[in-house]
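So the sequences go chain by chain: A and B. For the first sequence, the UniProt record's numbering gives the first residue as 1, with consecutive numbering after it. For the second sequence, the UniProt record's numbering gives the first residue as 1, with consecutive numbering after it. So the structure is just underneath, and the comments pick up after that.
2 protein chains.
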Amino acid sequence: MARTRASITDLAQQLGVSVSTVSRALSDHPGISDSTKKRVWKLAKELHYQPNHLAAGLRKGRSNLLGVLVPHIDGHFFTLVVKGIETIASKAGYNIMICQSNEDVTHERKNIETLLSAQVEGILVSMSRTTRDFKHFEKVRKQEIPLVFFDRVLDGLDVNAVVLDDREGGYQSTKHLIAQGCRRIAHFGGPQHLNIYKNRRQGYVDALLEAGMPIEEELFFYCDMTLEDGIAGMQQMLALPHPPDAIFSASDFSVVGALQELKRQGFRSPQDIALAGFSNETFTSLTEPMLTSVDQRCEQMGQSAVRLFLEMLEERGSIFSPRRIVLQPDLLIRTSSQRLTTKG
Amino acid sequence: MARTRASITDLAQQLGVSVSTVSRALSDHPGISDSTKKRVWKLAKELHYQPNHLAAGLRKGRSNLLGVLVPHIDGHFFTLVVKGIETIASKAGYNIMICQSNEDVTHERKNIETLLSAQVEGILVSMSRTTRDFKHFEKVRKQEIPLVFFDRVLDGLDVNAVVLDDREGGYQSTKHLIAQGCRRIAHFGGPQHLNIYKNRRQGYVDALLEAGMPIEEELFFYCDMTLEDGIAGMQQMLALPHPPDAIFSASDFSVVGALQELKRQGFRSPQDIALAGFSNETFTSLTEPMLTSVDQRCEQMGQSAVRLFLEMLEERGSIFSPRRIVLQPDLLIRTSSQRLTTKG
DNA sequence: TACGTTTGCACAAATAGTTGCACAGGGTTT
DNA sequence: AAACCCTGTGCAACTATTTGTGCAAACGTA
């Protein structure tokens, strides 16, 4: 392996010049004559010379590596965020190293360790669902490696983060349902220690209060936001003596489950129960009825995270006060929540 | 930055031992006394020592990096494959570096360059749609870096690859449609220079021939397999003097488009036209009717690709004859293709 | 006490590349 | 002709880590 790969030393020997000359020639340094440069470039091509970024990075104290740590990459959301990250990062000359925590803190801790020892120059992270403490991230800080959170952030921490205005998303959704004439709106919520679910719920509550509607305990259903949870939640709601006429769910997956159960029991949406979800998953415009949802600006979130990282790099040394970028959600009204035929 | 990070040298100085002793102590080498090891470990913890994999990699001639190059990671398929790759790779001690070609050869060439200079120990790649030559991959070979293709492979090349038996998938789908009583089956196909689409089409043709049915030119519709293409394809089919009674599409996206158009024109599936797609996208079990599709064993494909890479590493030096792993598809029969109420 | 073995560690070379400094040689200036 | 500068290149040190070799000290045995 090392045998077949030509190094800068090999080039130098064959050309009868010093290693440093080759190095400078390859990087088009002004202190090297054109003729020498051309000789170097020619031989480099002939020998299939491949610069070793590891070695260069070692000397320069840089790796050009950006670490990304997400709970998983199967869904729609993180995938798009990663895409956004990749786009901007590669423009700035960075390669990304992706780790998945699989929603598991232990894994997450290990991943952080891995990224650090890979000498990443920054870490972009969205916390796992099971993360409740911050110790493993402190380590990153101590090494003065830029750390940017996105989407999922531990509350009350003074960290750099790019988040969606989840409260606003929940608020707009619920307000829309109210405007459609719904008077008993249930909420399917996720784990409340996660900022995103807490805020979506808060938006829901705010909208109800604003409309002078009561907050009823029996209209809340907390779960892990899977399709199955949605089915269970809908069963629970339909079993109520006085079932709701709308559901605002903090996830599209549980809303599609709810829809299935609703249909199975012979009801229709939006006529019997209006539905609104969150995340604008691909399938929301493919179900019947199409599901109202909230777009999370996934790609933009990834891009902003990288930009924030780049800013931190620039301002390294100076006192960098943590910044929080808040993206505005986009309510996408589809059939599942349209009870009024608002024509014209 | 380098300032704040303690190196093995710093440890050595503070402890008054040599650098090599620290190195061996950290790796629990038997030639170091327990007391020394303990002193080293203690100080390492105190100084937040972080091993530098770049330097270690340089010395050992290894990077523990595995390159992954995919057309994109937004869909369902590549995402799951990457997940499979990550799982096995991280078990084997590898980190993965992901690049997206965005279905563009130029980008793909650049990505290969990037991965090579990052000193990856192997490259797993699924070609972009626009790739028609092999030159940039030859470079990888010349450097004797294990190269494994998955899913999309240029035909007729003697390379290592993990692919799905796409022909079999197309064959089973079509055969199933025939068994359901369909007599005029159309095919929505993708770019035919890609092995996957060519083979899916071949399976379709084989099944028809086997059943003694004619291959009719007007029943083929070639496109890029988007939802919009599916709509256009369905329009074309419904405009025929004698429309088909079933469609086998090489992608789920175009089949969902076809379904939408079908409904819009007041027809029903499977009653009027039976539908079968390919890829088992998440949404296939959420539409109405649920869509028959072919599962591509995404995660298994990723896992197999890594395993193939590991095998190549082991057998490096000896003559390694290219291997091709063929995974068997899994036909998932759902409502959109069930015309017979096969009970019991 | 002499010899052999083991133990624990230091030294130095090696990995690939970058960079400050020095130096040679030529041309220009005074 | 001496002093000067500029250009192009080489030398050596430096990045963090690993690893083969070798040297002392300690220990056991004869």
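In this text, a Cβ means the ideal position worked out from N, Cα and C, and glycines have one as well. Just so you know, these numbers come straight off a predicted model, no measurement behind them.
Minimum Cβ-Cβ distance from residue i to chain B less than 8 Å
{"i": "residue 44 of chain A", "result": "no"}
{"i": "residue 81 of chain A", "result": "no"}
{"i": "residue 269 of chain A", "result": "no"}
{"i": "residue 5 of chain A", "result": "yes"}
{"i": "residue 155 of chain A", "result": "no"}
{"i": "residue 105 of chain A", "result": "no"}
{"i": "residue 256 of chain A", "result": "yes"}
{"i": "residue 73 of chain A", "result": "yes"}
{"i": "residue 139 of chain A", "result": "yes"}
Exposure of residue i, with buried meaning 16 or more beta-carbon neighbours within 10 Å
{"i": "residue 133 of chain B", "result": "exposed"}
{"i": "residue 314 of chain A", "result": "exposed"}
{"i": "residue 343 of chain A", "result": "Bear in mind that the predicted position of residue 343 of chain A carries a pLDDT of just 43, short of 50, making it unreliable; the figure below should be weighed with that in mind. By the neighbour-count rule (16 or more Cβ atoms within 10 Å), residue 343 of chain A is not buried but exposed."}
{"i": "residue 106 of chain A", "result": "exposed"}
{"i": "residue 242 of chain B", "result": "exposed"}
{"i": "residue 239 of chain A", "result": "exposed"}
{"i": "residue 18 of chain B", "result": "exposed"}
{"i": "residue 90 of chain B", "result": "buried"}
{"i": "residue 252 of chain A", "result": "buried"}
{"i": "residue 5 of chain B", "result": "buried"}
{"i": "residue 169 of chain A", "result": "buried"}
{"i": "residue 217 of chain B", "result": "exposed"}
{"i": "residue 215 of chain B", "result": "exposed"}
{"i": "residue 151 of chain B", "result": "buried"}
Where residue i meets chain A, residues with beta-carbon distance less than 8 Å
{"i": "residue 52 of chain B", "result": "58, 117 and 119"}
Min CB distance residue i to chain A below 8 Å
{"i": "residue 136 of chain B", "result": "no"}
{"i": "residue 229 of chain B", "result": "no"}
Best match in the options for proximity to residue i [C-alpha to C-alpha]
{"i": "residue 236 of chain A", "options": "A:251, A:257 and A:250", "result": "A:257"}
{"i": "residue 260 of chain B", "options": "B:194, B:95 and B:289", "result": "B:289"}
{"i": "residue 65 of chain B", "options": "B:36, B:35, B:117 and B:44", "result": "B:117"}
{"i": "residue 178 of chain A", "options": "A:265, A:309 and A:204", "result": "A:204"}
{"i": "residue 292 of chain B", "options": "B:310, B:271 and B:337", "result": "B:337"}
{"i": "residue 173 of chain B", "options": "B:67, B:111, B:277 and B:199", "result": "B:277"}
{"i": "residue 271 of chain B", "options": "B:306, B:220, B:323 and B:182", "result": "B:182"}
{"i": "residue 275 of chain A", "options": "A:299, A:230 and A:302", "result": "A:230"}
{"i": "residue 321 of chain A", "options": "A:167, A:157, A:269 and A:187", "result": "A:157"}
{"i": "residue 267 of chain B", "options": "B:252, B:286, B:254 and B:246", "result": "B:246"}
{"i": "residue 340 of chain B", "options": "B:308, B:269 and B:54", "result": "B:269"}
{"i": "residue 223 of chain B", "options": "B:188, B:99, B:217 and B:215", "result": "B:188"}
{"i": "residue 58 of chain B", "options": "A:53, A:62 and A:60", "result": "A:53"}
{"i": "residue 287 of chain B", "options": "B:255, B:155, B:318 and B:20", "result": "B:255"}
{"i": "residue 283 of chain A", "options": "A:27, A:75 and A:47", "result": "A:75"}
Sequence-distant residues of the same chain with beta carbon closer than 8 Å to residue i, five excluded per side
{"i": "residue 153 of chain B", "result": "127, 159, 161, 163 and 195"}
{"i": "residue 175 of chain A", "result": "207, 210 and 211"}
{"i": "residue 92 of chain B", "result": "306 and 310"}
{"i": "residue 86 of chain B", "result": "96 and 302"}
{"i": "residue 43 of chain B", "result": "11, 14, 15 and 49"}
{"i": "residue 228 of chain B", "result": "257"}
{"i": "residue 68 of chain B", "result": "82, 85, 96, 97, 98, 99, 123, 124 and 125"}
Listed by chain order, chain B residues near residue i by CB distance under 7 Å
{"i": "residue 283 of chain A", "result": "282, 283 and 286"}
{"i": "residue 63 of chain A", "result": "54"}
Own chain partners of residue i with C-beta closer than 6 Å, once the 5 adjacent residues on each side are dropped
{"i": "residue 190 of chain B", "result": "197, 225 and 250"}
{"i": "residue 22 of chain B", "result": "8, 11, 12 and 40"}
{"i": "residue 78 of chain A", "result": "70"}
Chain-order list of residues whose beta-carbon lies under 7 Å from that of residue i (same chain, five-residue window excluded)
{"i": "residue 295 of chain B", "result": "280, 329, 330 and 332"}
{"i": "residue 141 of chain B", "result": "147"}
{"i": "residue 39 of chain A", "result": "15"}
{"i": "residue 83 of chain A", "result": "299 and 302"}
{"i": "residue 244 of chain A", "result": "184, 185, 186, 219, 237 and 273"}
{"i": "residue 130 of chain B", "result": "103, 104 and 105"}
{"i": "residue 308 of chain B", "result": "148, 160, 162, 323 and 325"}
Residues that residue i contacts on chain A, provided the C-beta gap is smaller than 7 Å
{"i": "residue 114 of chain B", "result": "95"}
{"i": "residue 98 of chain B", "result": "96 and 98"}
{"i": "residue 86 of chain B", "result": "100"}
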